[in-house]
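> Structure below; questions to follow.
In the working numbering, the protein residues as written are 61 to 311.
Here you go:
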């Protein structure tokens, strides 16, 4: 009988490997971090390594950036790619142009999205879900189809020019396509939901009793909004701006 108990105890005893494996909450939290490491951080590290190497006719088609010989590590970093980027005006202007478009697109999304998110957050609760659904519906359509739709609207013979010429505001079609204006319209239209959702998630949690208390003390509606609502929505503004600015720079 004692021998059976000892065998049972040996079976139930956790192995040394199990002691170091994450369990419970740590395992759940570790899954998205593992995903980010595998598909975002690791590819970035590989690209960063290649950027410091030289092109070579080999497999892989670049040289190593370090060498281990005689128990000594030697770095073989090549900064030629970065020097080339800094000296070539074409790459520099393209990158600065991307930053400019991303900055102003984020600003436009914030100026347009904040009032929309505020209106949804202050709407009756039974209407908020429908309003959010209307905001998200355009994202259910492929981006290529939406681009072609905007080309049909903004073209020389498109809906916008036809409407303006029909009511007599212009005599000749406006050249909107292939301009920065068309780029801003397309980017803001595509990424506006990603600004509205974080702002709504923040604004809907605000304690309205703070605004009522400020009004009772003689504060105007503008002061209530500027000194209470806007500071409290800082986290939503930061989150929405990051969700818009980062992918727009990549485009």
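The beta carbon of each residue, even a glycine, is placed where N, CA and C say it ideally should be. As the structure is a computational prediction, the values presented were derived from the model and not from experiment.
Between the segment 173-192 and the segment 258-276, are three or more C-beta pairs nearer than 8 angstroms?
yes
> Pop quiz: residue 172 and residue 248 are said to be a contact at Cβ under 8 angstroms. What is the actual Cβ separation, rounded to whole angstroms?
7 angstroms
> Can you tell me which of 214, 231, 230 and 226 puts its alpha carbon nearest to the alpha carbon of residue 240?
214
> Does the count of Cβ pairs from the segment 265-272 and the segment 281-301 closer than 8 angstroms reach three?
yes
> Using only alpha-carbon positions, find the residue among 123, 309, 87 and 233 that is nearest to residue 251.
309
> Assuming residue 118 contacts residue 138 (C-beta within less than 8 angstroms), just tell me the rounded distance between them.
In fact, because the Cβ distance is near 15 angstroms, the residues do not count as touching under 8 angstroms.
> Any chance you could list the beta strand (DSSP E) runs of at least 3 consecutive residues sitting entirely within the segment 235-311, in chain order?
none
> In its own chain, which residues sit with a C-beta less than 8 angstroms from the C-beta of residue 125, not counting the 5 before and 5 after it?
Counting only Cβ-Cβ distances below 8 angstroms, and skipping sequence neighbours, we find 109, 112, 113, 135, 136, 137 and 138.
> Among the candidates 266, 162 and 232, whose CA atom is the shortest distance from the CA of residue 246?
162
> How would you call residue 149, buried or exposed, if buried means at least 16 neighbouring beta carbons within 10 angstroms?
By the 10 Å Cβ count, residue 149 comes out exposed.
> In terms of residues, what are the limits of the beta strand (DSSP E) holding residue 166?
First-last for residue 166: 149-182, but that is the alpha helix (DSSP H), not the beta strand (DSSP E).
> Check each candidate in 227, 221, 120 and 266 and name the one with the smallest Cα separation from residue 234.
221
> Note down the Cα distance separating residue 211 from residue 190, rounded to an integer number of angstroms.
One alpha carbon belongs to residue 211, the other to residue 190, and they sit about 28 angstroms apart.
> Can you tell me whether residue 64 is buried or exposed? The criterion is at least 16 other CB atoms within 10 Å of its CB, across all chains shown.
Any reading at residue 64 needs caution, since the residue's pLDDT is 49, under 50, leaving its predicted position unreliable; the model's value is listed next. Residue environment analysis places residue 64 among the exposed positions, since fewer than 16 neighbouring C-beta atoms fall within 10 angstroms of its C-beta.
> Where does residue 300 land, buried or exposed, given buried means 16+ other C-beta within 10 angstroms?
buried
> Assuming residue 133 is part of the beta strand (DSSP E), what are its boundary residues?
132-135
> Cβ of residue 122 within 7 angstroms of Cβ of residue 115?
yes
> Kindly indicate which residue of 208, 262 and 195 has the alpha-carbon position closest to the one of residue 298.
262
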